[in-house]
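Position 199, counted from 1, in the sequence shown is what our numbering calls 199; the numbers after and before it change by one each time, with no gaps.
The C-beta atom is built at its ideal place from N, Cα and C for all residues, glycine as well.
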Amino acid sequence: MTVILPGATLGVMGGGQLGRMFVHAAQRMGYFTAVLDPDPASPAGLVSHYHIQTGYLDEQGLAQLMQRSAAITTEFENVPANALVTLGAHRPVAPGAEAVAVAQHRGQEKAHFVRCGVRCAPYALVETPEQLEAVGDDLLPGVLKTSRLGYDGKGQVRVTTREELARAWEELKQVPCVLEKLLPLAAECSVIVARSHDGNVVHLPPQLNLHRGGILAVTQVYAGALPPAREREAIAAARAIAEGLRYIGVLCVEFFILEDGALVVNEIAPRPHNSGHYSIEACDISQFELQVRTLAGLPLVAPRQHSPAVMLNLLGDLWFARGEKETTPPWNEVLALPGAHLHLYGKLSARPGRKMGHLTVTGPDVESVRATAAKAAGLLGIGPF
Ligand code: ADP
Ligand code: MG
């Protein structure tokens, strides 16, 4: 691949907050950017040089994106695979359609983990009544998850008995699903890797993640947050998963750490990830710069974390923490805390569960970062962690 140097235009499918932070990273390095997203007020569209406001399968929109862009990436995992195939026929597209297709389907994703020799939760496909019938009792209690389009805990139901399982599948409109055994989790973590066209792989340090109600709430990244042996294992597994896909771009691999200490892979996201946002301030190369570098064929240099970090997700709920009326959270007070970095995505209305922004706290040592993050959480109405 020829290197695409600053001055060229980089395109992105999707205009959410991940696209916005990609655009920021690309622009900082001197690229122009083009975003395709139907929403006139999309977070990335608002800050991009070009915003193509069409659907993801709109032929004219895709043609415009190709015309503008020297290479194209994606920022959400449910971008139609066909759109990537169309784009990929004419422009470098990273990640490629095939890798994205695997990440879009929980069944294919798990089959890939098995192929790579990485342990995942015991599971069974539930796509037909016969498969539902054949589910082994050892998978109960379990979590029934739609194979496609699930995110932030949506499209999944916990079930204890076979009757509940049958009812849950009906509730999910009998779309193709995966039933996973419910595992006893001690913690959750993730690793972000970036792989270049020539097969070079670098990674960010493993991230300790706390989810609440199926949505990421807090990410902590510093020495001692996770057992070092699990960190090494998670990095090796994430690299194997990326290499097995011949992946090009930024990939996030989510893991469970079980009560007995075992590491189990959960799922992958073919893009930068909410748990990697801390890298903007805490690392010398962020996950979004890694996305720019892999897309443009620039050298991949191992990122170095220079500050311990705690990231708090700012969900729409915080706008309703002081009663039913929507009120702006006390940003003034939060910004008075040393090392607090506020990111708001420019979304016009707050809704419970909606990702409005995030706050990253960095500092000279783990104790002060944790203490500052706890203060920020208290000011914002985020529960202790
Ligand atoms: P999403 O695509 O919505 O992120 P996940 O599969 O990552 O879906 O599930 C969301 C959360 O639900 C996980 O982060 C974890 O906390 C919990 N969870 C999911 N699967 C299991 C499981 N098999 N056992 C225990 N907890 C699970
Ligand atoms: Mg997840």
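| task | Determine the burial state of Asn82: buried for a count of at least 16 other Cβ atoms within 10 Å of its Cβ, exposed for fewer. | result | exposed
| field | Beta-carbon proximity check, Tyr247 vs Ala99, cutoff 7 Å | value | yes
| In its own chain, which residues sit with a C-beta less than 6 Å from the C-beta of Leu379, not counting the 5 before and 5 after it? | Pro330, Glu333, Val334
| Does the count of Cβ pairs from the region 188-205 and the region 247-260 closer than 8 Å reach three? | yes
| message | Using only CA atoms, which one of Phe32, Gly30, Glu75 lies nearest to Asn274? | response | Glu75
| Does the region 231-246 come close enough to the region 85-93 to have 3 or more Cβ pairs within less than 8 Å? | no
| Neighbourhood of Leu183 by C-beta distance below 8 Å, restricted to the same chain and skipping five residues each side | Ala121, Phe256, Leu258, Val264
| In or out: Asp37 buried (at least 16 other Cβ within 10 Å) or exposed? | buried
| query | DSSP three-state call for Arg354: helix, strand or coil? | reply | coil
| request: Pair every Cβ in the region 160-173 with every Cβ in the region 127-142, then say whether three or more of these pairs are closer than 8 Å. | output: yes
| For Val193, which residues does DSSP report across the bridge? | His203, Leu251
| According to the neighbour-count rule (16 or more other Cβ atoms, all chains shown, within 10 Å of its Cβ), is Glu468 buried or exposed? | Residue 468 falls outside the range modelled here, since the chain spans only 1 to 385, and no answer is possible.
| message | To the nearest angstrom, how far is the alpha carbon of Ser196 from that of Leu295? | response | 8 Å
| field | Proximal residues to Leu149 (C-beta, below 7 Å), its chain only, five neighbours per side dropped | value | Asn78, Gly155
| task | With DSSP as the reference, label Lys181 as helix, strand or coil. | result | strand
| message | For chain C, check one thing: does any of its Cβ atoms lie closer than 7 Å to the Cβ of Phe255? | response | Given the protein chain composition of this structure (a single chain), no chain C is represented.
| message | Just checking Val143 against the ligand ADP - is the residue's beta carbon closer than 6 Å to any of the ligand's heavy atoms? | response | yes
| field | Outcome for Arg28 when other beta-carbon atoms lying within 10 angstroms are tallied against a minimum of 16 | value | exposed
| Beta-bridge partners of Thr73, as assigned by DSSP | Val12
| field | Cβ-Cβ distance between Phe22 and Gln291 below 7 Å | value | yes
| query | Is Glu387 near the ligand MG, in the sense that its beta carbon is under 6 Å from a heavy atom of that ligand? | reply | What the structure shows of the chain is the stretch from 1 to 385, and residue 387 is not part of that stretch, so it cannot be assessed.
| query | When every heavy atom of the ligand ADP is checked, does at least one fall within less than 6 Å of the C-beta of Ala217? | reply | no
| Can you round the beta-carbon distance between Gly357 and Thr73 to whole angstroms, since I take them to be within the 8 Å contact cut? | Not confirmed; about 22 Å, so no contact.
| Counterpart residues of Leu359 in DSSP-defined beta bridges | Leu312, Leu342
| message | When you compare the CB positions of Leu139 and Ala71, do they come within less than 7 Å of one another, or not? | response | no
| Within the present structure, is the beta-carbon of His211 separated from the nearest heavy atom of the ligand ADP by less than 6 Å? | yes
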